[in-house]
Each structure stands twice: as structure tokens, then as C-alpha cells.
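Q: When we follow our numbering, the leftmost residue of the sequence shown carries the number 273, and every step to the right adds one.
A virtual CB, placed ideally from N, CA and C, is assigned to each residue, including glycine.
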Amino acid sequence: MTQSISDLVRYLDNLFPRSLAEGWDNTGLLVGDANRRADNVMTCLTLTGATLREAVREHANIIVTHHPFPFHAVKQITNETVTGRLLLELVEHQIAIYSPHTSHDSAANGINQQWAELLKLTNVRPLIPQTDDETIGTGRIGTLTEPVSIITIVHFIKNKMRLDTCQYVGTPTNKVLRVAVTCGAADELVEQAKKQNAELLIMGEARFHTCLEAEADNLSLIIPGHYASERFALEYLAERIKMENKVNAWASKDERNPIRTR
Ligand SMILES: [Zn+2]
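1) On the criterion of 16 or more Cβ atoms from any shown chain inside 10 Å, does W296 qualify as buried, or is it exposed?
2) Quick one: give me the first and last residue of the beta strand (DSSP E) that I408 is part of.
3) Whole angstroms is fine: what's the gap from L391's alpha carbon to R329's?
4) With V420 as the anchor, note down where its beta strand (DSSP E) starts and where it stops.
5) Between which two residues does the beta strand (DSSP E) holding K447 run?
6) Distance check for R309 and E477, CA to CA, integer angstroms please.
7) Beta-carbon within less than 6 Å of A293's beta-carbon, same chain only, minus the 5 sequence neighbours each way: which residues are those?
8) Closest Cβ-Cβ distance between N431 and chain C: below 8 Å?
9) Among residues of its own chain, excluding the 5 on either side of C438, which ones have a beta-carbon nearer than 7 Å to its beta-carbon?
10) CA-CA distance, E471 and L449?
11) Determine which residues share a DSSP beta bridge with P401 and list them.
12) Going by DSSP in three states, V328 sits in which element: helix, strand or coil?
13) Mapping DSSP to helix, strand and coil, what is Q439?
14) Less than 8 Å separating the beta-carbons of N395 and G409?
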């Protein structure tokens, strides 16, 4: 029974413990008065002019934005910077901000776990465990129930994520069994995936040289894009918030991937 922002924050902190966030991250309630009501909750991947306009129009009390806002320390709040303009507008419309970010990536029911479930991986473990608890940690690795070709998995992801195109590295007919996943930007986790004998790594985005190195090491990559690798989880989160709390919640309808294809 959530009614105040502080109630919702307690609920979200429980889903996405702040102890799971990476040291460099900025997570939790980042803007707002915790004593105010939280009747209307909007989720989105990133706070932008478009997602904030929707929140104002639809009378959101709080935005749960996966990517932290603000992320860096702020010394001036003026209309001369994008961050300042967004902050001024949030304050003016009394809209709070909560960002789970890397806690959301690593949680027991977080984004990487959702990927593992989507792919029906078995024996799922974190790529980098954070505690003795093997249901939490950075990334996931597991085993498919039978060998599947890279191109079959590419088609599956395109279909699930409603993508027109999807980048990949490797031989399309190559069949794989051991699959790792890291949502968002995580080039530094490729080494971990290799160490744990992953044959395929599904990652949100990848640098060109990461792709070259993976190809040389016979590690296939599927790269659906940062947006597609995370946005679906904000839709799931909105449903979950609505079901488990006494609030109205929705995933932003105006949010778009800034990277376009044709
Ligand atoms: Zn991200």
C-alpha cells in the first residue's frame, strides 16, 4: 500500500538494494520531497525533455528513470544547461526522481536476470557475483537447453524487442550453448565472459575494437543496442509497481531511441 514517495522509495530500495549499485553510480531518490504523495508513477529509461514533458502532462508525482538524473554533481541550477533546465522544471512541477541504474542491472529480478529468463537459460549465475548469493551480481551467464545458431537468436531478439535491425559478430550458423548477457554499456565485462567460457555474449553496445577482439577469440556477440537492451525492463517495472502498490504507474509512451535506423 504505497501512498507517499517515501513508501515507494522503500519498496524500490527493497527491489533494487542500493548496496548492489557500482561505486561510481548515483542511485536512489535523487530529487524530490519524500513526504509528498506518489499516486502517479512514470517509468522511463532516461530523463529527457520528451519524457519530462509527458510526466508533466500526465501529472506524474515521481519518475523512476533507470539512468540517474542528475548523475554528476551539480554546482549551478540555471536554465543555461540541459541539467539545470530539467531540474528547474522538476522542482516547478513537484516531480521527484528515483534512479535504480546498476542496482536494477544486478538485482535478483533485475534486467540481466530478465534477459536470462527471456532466453530460458539454465544454471544462471552472475558474471561477477557481489556476495555469496548467486541470484545477484553483475551480468548473467547460463546454458541454453540445446545448441542454437547465432542467427536464430538474432531473429528471436529482433522479434521480442521489435527491432528492424540487430548487429552481431560471428558466424551466423555457428551454434552456441553457453550464453552471457550484459545490458547497457559494459565492454569491460567481455573478459569475464571469455574467462567463463561464454560462446555468445549479448550486450547493449560494443566498441569496434571489442568486436574485433571477440571475433579473434571466437566469442560471438549480439548487440541489440543500449536502448533495446534495457527499455523493456522499464515496461515490466511499471506493471510491477502498479500491481504491488496502490498507485497508477505506466512506462513512458513518448520515450524513443535517439539512435535511428532505416
Ligand atoms: Zn543503460
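A: Judging by the given coordinates:
1) Indexing the sequence shown from 1 puts residue 296 at position 24. It is exposed - the Cβ of W296 has fewer than 16 other Cβ atoms within 10 Å.
2) Against the sequence shown, residue 408 aligns to sequence position 136. First-last for I408: undefined, no H or E at that position.
3) Reading the sequence shown from its first residue, position 119 is the one you call residue 391. Reading the sequence shown from its first residue, position 57 is the one you call residue 329. Straight-line measurement puts the Cα of R329 at about 37 Å from the Cα of L391.
4) Taking the sequence shown and counting its residues from 1, one reaches residue 420 at position 148. R412 to S421 is the span of the beta strand (DSSP E), which, as asked, contains V420.
5) Translated into the one-based positions of the sequence shown, residue 447 becomes position 175. Start and end: K447 to A457.
6) Sequence index remark: in the sequence shown, residue 477 carries index 205 (1-based). Sequence index remark: in the sequence shown, residue 309 carries index 37 (1-based). Rounded to the nearest angstrom, the two C-alpha atoms are 37 Å apart.
7) For the purposes of this step, residue 293 is identified with residue 21 of the sequence shown, where counting begins at 1. Once the five neighbours on either side are set aside, the close Cβ partners of A293 are T299, T374 and S375.
8) The structure shown contains no chain C; it is built from a single protein chain.
9) Indexing the sequence shown from 1 puts residue 438 at position 166. The residues V426, I429, K430, I494 and P496, in chain order, have a CB closer than 7 Å to that of C438 in the same chain once the five nearest residues on each side in sequence are set aside.
10) Reading the sequence shown from its first residue, position 199 is the one you call residue 471. Reading the sequence shown from its first residue, position 177 is the one you call residue 449. The straight-line gap from Cα to Cα measures roughly 7 Å.
11) Here the question's residue 401 lines up with position 129 in the sequence shown. Residue pairing by DSSP puts P401 in a beta bridge opposite G409.
12) Counted from its first residue, the sequence shown places residue 328 at position 56. If DSSP states are grouped into helix, strand and coil, V328 belongs with the helices.
13) The count along the sequence shown starts at 1 and reaches residue 439 at position 167. Under the three-state reduction of DSSP, Q439 is assigned to strand.
14) For the purposes of this step, residue 395 is taken as residue 123 along the sequence shown, with counting starting at 1. For the purposes of this step, residue 409 is taken as residue 137 along the sequence shown, with counting starting at 1. It is not a contact, given that the beta carbons lie outside the stated cut-off.
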